[in-house]
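Novice: Just passing along the structure, written as structure tokens.
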Amino acid sequence: MPFKAFLLDGAVRAFRRRPSFSKLVLVFAASGGGLVAYADARTDQAAESCQVPPKKKVVVLGTGWAGTTFVRNIDGSLYDVQIISPRNYFAFTPLLPSVTCGTVESRSITEPIRRIISKKGGEIKFWEAECFKIDPDHKKIHCRTNIATNLDGNGEFCVDYDYLVIAVGARANTFNTPGVVEHCNFLKEVEDAQKIRRSVIDCFERAILPDLDEEEKKRLLHFVIVGGGPTGVEFSAELHDFVAEDLSRLYPTVRDLVSITVIEHGGQILTMFDKRISKFAEEKFQRDGIELKTGCKVVKVADKTITMEDALHEKSSVPYGVAVWSAGIGPHPIILDFMKNIGQGNGRAVSTDEWLRVNECDGVFAIGDCATISQRKVMEDILEIFEFADKDNSGTLTVQEIKDAVEDIYIRYPQVELYLKSKHMKDIIHLVAASKGDAEKEAVEITIEEFKNVLANVDSQVKNLPATAQVAAQQGNYLAQCFNRMKECEEKPEDISISGDLHLWVEDKQLQNSQEIGSL
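So the sequence shown is numbered by this note's numbering: it starts at 115 and just counts up by one.
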């Protein structure tokens, strides 16, 4: 290769290796014997101006159904995602009752959180620690690691955030009943399921020991479940099958002494579901020989007996071998402290709006069992709804005006559609027509007072979502999709519709009213 070509090739390769060279000047002498090379290594100003802004930091508290589903679905290339939880794995909690009886092994229902995030794009970090304080005013959270080490310090650290997703779940609610913590088993974690399994087997082993009287054997083999919710009902059914199919063969001498009792404070089990489901479960329990005590409240748990009180305030005690407490859930201490700081001290869970935003907290979201959605009431916004639908400002609503607004009403207030279904009505027009008696449906016009009367009872369909894995997963997925579209919403807000035009109309009207009141 000629020398000049060699130098030129080397200069070009150097330029390719250093793209920051904004200028490269090569000058050859006319005689062909010399070369002057000049490279300007100054950073291109245009490149500087095009630098990508830093990603906003999203901190997720919890690795349960809500938090893990959120992490699985969020676009890691858009955010700096950081996960903090004292548990470094995800557990498939609906199968915990199966773990108690050995139907499935615990390792089959768990997945390390680091394996989950390794499959995601972008940089997602995880720290095994517990958050003990949330500071929404300064957008910081205070954490403490529970990992035992010989290192100096108390293991505490602080993390700031742009967005905070609270998904810490809930703990078992004992209602301050004496003896529950000391003598009952819970079923919230994998470790709880393993402990229950060992306790059940231990009761059978002790029951076949010689020199035990029959009453003591019956006590050891009496399994009591407090709470007729999904967890209690599923565990009772699993335990019955475990005894009937496995333990009765392994311990044939005591199989006829086994009994299972479910104690429920309410009038029926599975109160959060359709009554037909509750009735089916109760009939199944009756066929399987599972005793169901409804309308009974547990007031004390001792070492070997449970004391309960019925609707007539009469107390009775039953002996037991293993007691499982699944009478409801309550907030973790961090949630209680957080709610107190933001003025929600009287609630059982963090209150959010329909978009899972914590009320009065910028950049904070709450999902899963630690949160509850405060659905807007129709009667709170009835005037704004009427004005939105009254396009001609006539003071009355025609059938066509109602039809034009009905889709937005359904989106903003889902209880309206639920109420219509409960009344077996096709749409809101039939509800309006029914209030007018024999009038022709298409000729109906209603005033604001008549509109109030028509929709007066629809808010009765507002119900809190049950604290189930399905609900938590749906919320986590929904919130992740919202985050994935957040940048699109900021860049092209005109292309994004949040629950239709009615949502914007109501908020504008309420803002105007608050400003008018404030100026008085």
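The beta carbon of each residue, even a glycine, is placed where N, CA and C say it ideally should be.
For I374, tell me which candidate among T385, L364, G403, E396 has the shortest Cα-Cα distance.
Specialist: Among T385, L364, G403, E396, the Cα nearest to that of I374 is on G403.
Novice: Below 8 Å on the Cβ atoms is my contact criterion, and I expect M539 with L545 to pass it. Report the Cβ-Cβ distance as a whole number of Å.
Specialist: The Cβ separation is near 5 Å, so the contact holds.
Novice: Helix, strand or coil for G444? Go by DSSP, reduced to three states.
Specialist: G444 falls in the strand class under three-state DSSP.
Novice: Quick check on this structure: which residue in F597, A548, L534, G444 has the alpha carbon closest to the alpha carbon of Q575?
Specialist: If we check each option's Cα against that of Q575, L534 comes out closest.
Novice: Please identify the residue among V213, S232, R229 whose C-alpha is closest to the C-alpha of I223.
Specialist: The residue with the shortest Cα to Cα distance from I223 is V213.
Novice: Count Cβ pairs between the region 586 to 600 and the region 516 to 528 that sit closer than 8 Å; are there 3 or more?
Specialist: Not touching, per the Cβ criterion.
Novice: Figure out for me which residue from V520, V558, S549 has the closest Cα to the Cα of D83.
Specialist: Absent from the structure is residue 83, since the part of the chain shown begins at 115 and ends at 634.
Novice: Going by alpha carbons, who is nearest to D573 out of A503, I496, E501?
Specialist: Of the candidates A503, I496, E501, the one whose C-alpha sits nearest the C-alpha of D573 is I496.
Novice: Mind checking which residues open and close the alpha helix (DSSP H) that includes F204?
Specialist: No alpha helix (DSSP H) holds F204; the beta strand (DSSP E) holding it covers 203 to 205.
Novice: With distances taken Cα to Cα, identify the nearest neighbour of A581 among C272, T345, V172, V338.
Specialist: The shortest Cα separation from A581 among C272, T345, V172, V338 belongs to T345.
Novice: Where does Y152 land, buried or exposed, given buried means 16+ other C-beta within 10 angstroms?
Specialist: For Y152, the predicted model reports a pLDDT of 45, less than 50, meaning its position is unreliable and no value from the coordinates is stated.
Novice: Determine the burial state of E494: buried for a count of at least 16 other Cβ atoms within 10 Å of its Cβ, exposed for fewer.
Specialist: Exposed: under 16 other Cβ atoms inside 10 Å.
Novice: Please determine if the region 239 to 259 and the region 204 to 213 are in contact, where contact requires at least 3 C-beta pairs separated by less than 8 Å.
Specialist: No, they do not touch.
Novice: Pull up the distance between the alpha-carbon of N473 and that of F206, whole angstroms please.
Specialist: Each residue's alpha carbon lies about 30 Å from the other.
Novice: Looking only at C-alpha atoms, which of L353, K398, A485 sits nearest to T217?
Specialist: Selected option, being the one with the closest Cα: L353.
Novice: Taking only the alpha-carbon atoms, compute the straight-line gap between K429 and T291 and give it to the nearest angstrom.
Specialist: Answer to the nearest angstrom: the Cα atoms are 15 Å apart.
Novice: Any beta carbon from chain B within less than 8 Å of D495's own beta carbon?
Specialist: The structure shown contains no chain B; it is built from a single protein chain.
Novice: Can you tell me where the alpha helix (DSSP H) holding E564 begins and where it ends?
Specialist: Here the alpha helix (DSSP H) through E564 covers 562 to 568.
Novice: Using C-beta distances below 8 Å, list every residue in its chain close to R471, excluding the 5 sequence neighbours before and after it, in chain order.
Specialist: Here the set comprises V478, F479.
Novice: With a cut-off of 8 Å, do at least 3 Cβ pairs link the region 196 to 206 to the region 166 to 175?
Specialist: A contact exists between the region 196 to 206 and the region 166 to 175.
Novice: Where does T419 fall in DSSP's three states?
Specialist: T419: strand per DSSP, three-state reduction.
Novice: In terms of residue numbering, what span does the alpha helix (DSSP H) encompassing D518 cover?
Specialist: Unbroken alpha helix (DSSP H) run through D518: 513 to 526.
Novice: Between A281 and C484, how many whole angstroms is the CB-CB distance? I'm expecting something under 8 Å.
Specialist: With 8 Å as the limit, A281 and C484 qualify as a contact, their Cβ atoms being about 7 Å apart.
Novice: Excluding the 5 residues flanking W179 on each side, which residues of the same chain have their C-beta closer than 6 Å to its C-beta?
Specialist: A583, A586, A587, listed in sequence order.
Novice: Are the beta-carbon atoms belonging to E225 and F240 less than 8 Å from one another?
Specialist: Not a contact, by the Cβ cut-off of 8 Å.
Novice: Report the rounded CA-to-CA distance for A358 versus D274, giving the unit in angstroms.
Specialist: So the alpha carbons of these two residues sit roughly 54 Å apart.
Novice: Beta-carbon separation of A437 and H297 under 8 Å?
Specialist: Yes, the pair counts as a contact, with Cβ atoms nearer than the cut-off.
Novice: For the region 173 to 250, list the alpha helix (DSSP H) runs that are entirely contained and at least 4 residues long, ordered along the chain.
Specialist: The region 173 to 250 contains these whole alpha helix (DSSP H) runs: 179 to 187, 210 to 214, 227 to 232.
Novice: Can you give me the Cβ contacts of A594 inside the same chain, cut-off strictly under 6 Å, excluding the 5 residues immediately before and after it?
Specialist: The answer, listed in chain order, is F184, N187, I188.
Novice: If you pair each beta-carbon of the region 446 to 454 with each one of the region 300 to 316, do three or more pairs fall below 8 Å?
Specialist: No: fewer than three Cβ pairs fall under 8 Å.
Novice: I need the DSSP call for I261, collapsed to helix, strand or coil.
Specialist: If DSSP states are grouped into helix, strand and coil, I261 belongs with coil.
Novice: Bridge partners for R285 per DSSP, in chain order?
Specialist: Beta-bridge pairing links R285 to G444.
Novice: Quickly, what does DSSP pair W469 with across the bridge? List them, please.
Specialist: According to DSSP, which records beta bridges pairwise, W469 is partnered with nothing at all.
Novice: Using a 10 Å radius around the Cβ and a threshold of 16 neighbouring Cβ atoms, would you call I261 buried or exposed?
Specialist: Counting Cβ neighbours within 10 Å, I261 comes out exposed, since fewer than 16 surround it.
Novice: Rounded C-beta distance between G341 and W439? I'm assuming under 8 Å.
Specialist: That belief holds up - the Cβ atoms of G341 and W439 are roughly 7 Å apart, short of 8 Å.
Novice: As a quick exercise: from K393, N460, I377, pick the residue whose alpha carbon is nearest that of V415.
Specialist: Here the closest residue by C-alpha is I377.
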